[in-house]
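The structure appears below as structure tokens.
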């Protein structure tokens, strides 16, 4: 049978459906001092196999109600990538990796946890019992810090010797010159902190 006039009888090209992808994290440095770089390294996988070079993977931070790109990297051999970045502000933010997808690979996302950008602060610790300035009673299991100016309940992230904890302001103090935080006994134990010294802090 002849094809209708003006209609080609040639077969139309069929393109394969985009393959599913996933992002695997190999290592990350998300606890950094202000002014120092952070990094994330991983692999973009396509249907459980290593991906192609040249694809863009973005690092995004949750700012307000939306995700915003703060750095990006390109995949190399076997889909591997490394994203280095230098934060511009103190604080704690949720991060994720994002691959937008293309004609042959579907999009992918992966939550990373929090980026914590710290400054140095001198701390000590205290224990015993008694009432807390922000309410409640101090016990050996109370997690929190004392600070002279931060509002009660403010969450403070502390990092020391590889340990990180996020605790509220529960009391007022310390009242020794040059010290910014008094850690409760439970907070001291969680960090492996000594008697006095410097901790990384952010809020």
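Numbering (the numbering used here), first residue to last: 7 to 209. All residues carry an ideal CB built from backbone N, CA and C; glycine is no exception. All values derive from a computational prediction rather than experimental measurement.
Query - Between the CA atoms of residue 208 and residue 61 - distance to the nearest angstrom - result: Within the chain shown, residue 61 is the residue found at index 55, counting from 1. Within the chain shown, residue 208 is the residue found at index 202, counting from 1. One C-alpha to the other measures close to 34 Å.
Query raised in the report: Does DSSP put residue 194 in a helix, a strand or coil?
Result: Residue 194 sits at position 188 when you count from the first residue of the chain shown. Three-state result, residue 194: helix.
Query raised in the report: On the premise that residue 99 lies in contact with residue 115, defined as a C-beta separation below 8 Å, what is that separation, rounded to the nearest angstrom?
Result: In the chain shown, counting from the first residue as 1, residue 115 sits at position 109. In the chain shown, counting from the first residue as 1, residue 99 sits at position 93. About 16 Å separates the CB atoms of residue 115 and residue 99; that is not less than 8 Å, and the two are not in contact.
Requested in this report: Please name the residue in 68, 87, 58 and 80 whose C-alpha comes closest to that of residue 34.
Outcome: Counting from one through the chain shown, the residue named residue 34 turns up at place 28. Among 68, 87, 58 and 80, the Cα nearest to that of residue 34 belongs to 87.
Query raised in the report: Rounded to whole angstroms, how far is the Cβ of residue 80 from the Cβ of residue 139, which I believe are closer than 8 Å?
Result: For the purposes of this step, residue 80 is taken as residue 74 along the chain shown, with counting starting at 1. For the purposes of this step, residue 139 is taken as residue 133 along the chain shown, with counting starting at 1. Not confirmed; about 52 Å, so no contact.
Report task. Sort 182, 195, 204 and 125 by Cα distance to residue 133 and report the nearest one. Result -> Numbered from 1 along the chain shown, position 127 holds the residue referred to as residue 133. Comparing Cα positions, the closest option is 195.
Query raised in the report: Going along the chain, which residues of its own chain have a beta-carbon closer than 8 Å to the beta-carbon of residue 24, five neighbours each way excluded?
Result: The residue labelled residue 24 in the question sits at position 18 within the chain shown. 107, 108, 109, 110, 111 and 112, listed in sequence order.
**Report entry** Among 129, 65, 158 and 199, nearest to residue 176 - alpha-carbon criterion
**Finding:** Residue numbering aside, residue 176 sits at position 170 when the chain shown is read from its first letter. With distances taken between Cα atoms, residue 176 lies closest to 158.
Report task. Could you check what DSSP says for residue 58 in three-state terms: helix, strand or coil? Result -> Within the chain shown, residue 58 is the residue found at index 52, counting from 1. DSSP places residue 58 in coil when its eight states are reduced to three.
**Report entry** Inter-residue Cα distance where the pair is residue 64 and residue 47
**Finding:** For the purposes of this step, residue 64 is identified with residue 58 of the chain shown, where counting begins at 1. For the purposes of this step, residue 47 is identified with residue 41 of the chain shown, where counting begins at 1. Here the C-alpha atom of residue 64 lies approximately 12 Å from the C-alpha atom of residue 47.
Requested in this report: Would you be able to state if there are at least three C-beta pairs under 8 Å between the segment 147-154 and the segment 197-205?
Outcome: Too few Cβ pairs lie closer than 8 Å, so no.
**Report entry** C-alpha distance - residue 127 paired with residue 197, whole-angstrom precision
**Finding:** Taking the first residue of the chain shown as 1, we reach residue 127 at position 121. Taking the first residue of the chain shown as 1, we reach residue 197 at position 191. Using only the alpha carbons, I get a separation of about 14 Å.
Requested in this report: Apply the 10 Å Cβ neighbour rule to residue 161 and answer buried if 16 or more other Cβ atoms are within range, or exposed otherwise.
Outcome: Here residue 161 refers to the residue found at position 155 when the chain shown is read from its first residue. Counting every other CB atom within 10 Å of its CB across the protein chains shown gives residue 161 a total below 16, marking it as exposed.
**Report entry** Beta-carbon proximity check, residue 164 vs residue 193, cutoff 9 Å
**Finding:** Walking along the chain shown from the start, residue 164 turns up at place 158. Walking along the chain shown from the start, residue 193 turns up at place 187. Cβ atoms of residue 164 and residue 193: closer than 9 Å.
**Report entry** Nearest-angstrom beta carbon gap, residue 70 and residue 121 [assumed within contact, 8 Å]
**Finding:** The count along the chain shown starts at 1 and reaches residue 121 at position 115. The count along the chain shown starts at 1 and reaches residue 70 at position 64. In fact, because the Cβ distance is near 15 Å, the residues do not count as touching under 8 Å.
Report task. On the DSSP bridge assignment, give the partners of residue 199 in chain order. Result -> For the purposes of this step, residue 199 is taken as the residue at position 193 of the chain shown. Partner(s): none; residue 199 has no beta bridge.
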